[in-house]
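Asks: Residue numbers (this note's numbering): -4 to 440.
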């Protein structure tokens, strides 16, 4: 069989996926069945499947087979808080009901003050210096060392920052090292851009430096993405020594670090980011989405001085410039101190809700921090994650299933519970009690 045969078959399968013959998430025919259809060998089909997997079209699992890659992971993991489910534990966001009045006051004050004409026209492509100074103030408040506002880049949220950096600092086919359990939004970007995620083993303190070192030696990833504070989904927070150790590995292998620190405001005390220890090889990313509102699509990136021209040129090419109006609102909130007050308020709500959850879920195996927005709940052996999630949904309980967080989609006997999307405490308590009742359902037998 010619070398080009498997490539030809791969192209045909790709076309069938594009026209919907094989739908997202559907299982593909076995090697033997497809070999019979194409009058070739199972080895040739295996090579075609391998190529399709490398291109990001399908994914294969030992003992389960090959499946069309599901590009809508986020829809399955995160369900809108407007959904008709009675208890939505699937979305990580601030508890708006507790600070809506404060937000209304702040937005009303912003609206009553004069806006400069420049906010309604084209602006300097790198963004306003005043807005960068506000971003610098936000990041410095939570421990980042920033020498100048010129080092701060403005993006349309953290997701935009991540996609920009992954596309600019890696190539299709490159490995991107991530925590073995990580936020599906990161995985969706990596896969959409044709890169390959490779998971780094974790412990209760987050990514293991020795395993990262081994992966840098064996797979040579272009980028390493780390969530050091209240990691999604495990809620792990790296102590200072672990952060220094990760920085040492980054420095040793001269690999780029993307430090995604959206939850820095939830730390009990200010903690130095990893980027402080390796400033010339790191990009520090944060935003106001989790602390104040996802509606404020305001992301801040601290970049090495040597990379500023490259990044600003790329952002200009892709979107010309960010929306200055949203950043002006964010800037006013930060400069007045209101942003920090709102973030502290959310932290207190999270601490209270963690206490409620731990009391109701007593006896369960779970991972959390005192002020985390979420809990990583391990399921009893009597429950399969798929089945548990489905039955919970039938009872009006929406959770985020574990396998969506695994870098390779492997089954994980766990679910992530967000404690903040449900508005009222009493409603949250009722939902947690319903969840606990479901967990206990098979223990009595």
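We put the CB at the ideal spot given by N, CA and C, even for glycine.
Assign residue 319 to buried or exposed, taking buried as 16 or more other Cβ atoms, counted over all protein chains shown, within 10 Å of its Cβ.
Replies: When all chains shown are included, residue 319 counts as buried.
Asks: Within 10 angstroms of its Cβ, does residue 428 collect 16 or more other Cβ (buried), or is it exposed?
Replies: So residue 428 counts as exposed.
Asks: Can you tell me where the beta strand (DSSP E) with residue 193 in it begins and where it stops?
Replies: Residues 191 to 195.
Asks: Am I right that residue 255 and residue 220 are in contact with their C-beta atoms under 8 angstroms? What's the rounded C-beta distance?
Replies: 6 angstroms
Asks: Could you tell me the distance, in whole angstroms, from the CA atom of residue 253 to the CA atom of residue 438?
Replies: 43 angstroms
Asks: Using the beta-carbon count (16 or more within 10 Å), is residue 339 buried or exposed?
Replies: The residue in question, residue 339, is exposed, as its Cβ has fewer than 16 Cβ neighbours within 10 Å.
Asks: Please state whether DSSP places residue 2 in a helix, a strand or coil.
Replies: helix
Asks: Cβ atoms of residue 179 and residue 371: under 8 angstroms apart, would you say?
Replies: no
Asks: Do the stretch 52 to 64 and the stretch 79 to 94 make contact, defined as three or more Cβ pairs closer than 8 angstroms?
Replies: no
Asks: To the nearest angstrom, report how far apart residue 222 and residue 195 are at their CA atoms.
Replies: 12 angstroms
Asks: Let me check understanding here. Comparing Cα to Cα, which of 177, 33 and 432 lies closest to residue 396?
Replies: 177
Asks: Assuming residue 423 and residue 348 form a contact by the criterion Cβ under 8 angstroms, report the distance between their Cβ atoms to the nearest whole angstrom.
Replies: Contact between residue 423 and residue 348 is confirmed by a C-beta separation of about 6 angstroms, below the 8 angstroms threshold.
Asks: Assuming residue 265 and residue 137 make a contact with CB atoms under 8 angstroms, what is their CB distance in whole Å?
Replies: 6 angstroms
Asks: Buried or exposed: where does residue 152 fall if 16 or more other Cβ atoms within 10 Å of its Cβ makes it buried?
Replies: buried
Asks: Is the separation between the beta-carbon of residue 51 and that of residue 186 shorter than 8 angstroms?
Replies: Cβ atoms of residue 51 and residue 186: closer than 8 angstroms.
Asks: Since residue 237 is in the beta strand (DSSP E), which residue starts that stretch and which ends it?
Replies: Membership of residue 237 in any beta strand (DSSP E) is not indicated; the residue belongs instead to the alpha helix (DSSP H) covering 235 to 248.
Asks: Can you tell me whether residue 251 is helix, strand or coil according to DSSP?
Replies: For residue 251, the three-state secondary structure derived from DSSP is strand.
Asks: Apart from the five residues just before and just after residue 30, which ones in its own chain have a Cβ nearer than 8 angstroms to its Cβ?
Replies: 36, 37, 39 and 40
Asks: Please report the Cβ distance between residue 414 and residue 346, rounded to the nearest whole angstrom; I am assuming they are in contact, meaning their Cβ atoms lie under 8 angstroms.
Replies: Not confirmed; about 10 angstroms, so no contact.
Asks: Let me know the secondary structure DSSP gives residue 428 once reduced to three states.
Replies: Correct three-state label for residue 428: helix.
Asks: Going by DSSP, what residues sit across from residue 148 in a beta bridge?
Replies: Looking at the DSSP assignment, residue 148 forms a beta bridge with 296.
Asks: So, is residue 308 buried or exposed, given that buried needs 16 or more other C-beta atoms within 10 angstroms?
Replies: exposed
Asks: Find out if the Cβ-Cβ distance for the pair residue 321, residue 293 is shorter than 8 angstroms.
Replies: Residue 293 is positioned such that its CB atom lies closer than 8 angstroms to that of residue 321.
Asks: Just how far apart, CA to CA, sit residue 432 and residue 306?
Replies: Rounded to whole angstroms, the gap between the alpha carbons of residue 432 and residue 306 is 51 angstroms.
Asks: So which of 385, 336, 244 and 98 has the shortest CA-CA distance to residue 291?
Replies: 98
Asks: Is the CB-CB distance between residue 392 and residue 426 below 8 angstroms?
Replies: yes
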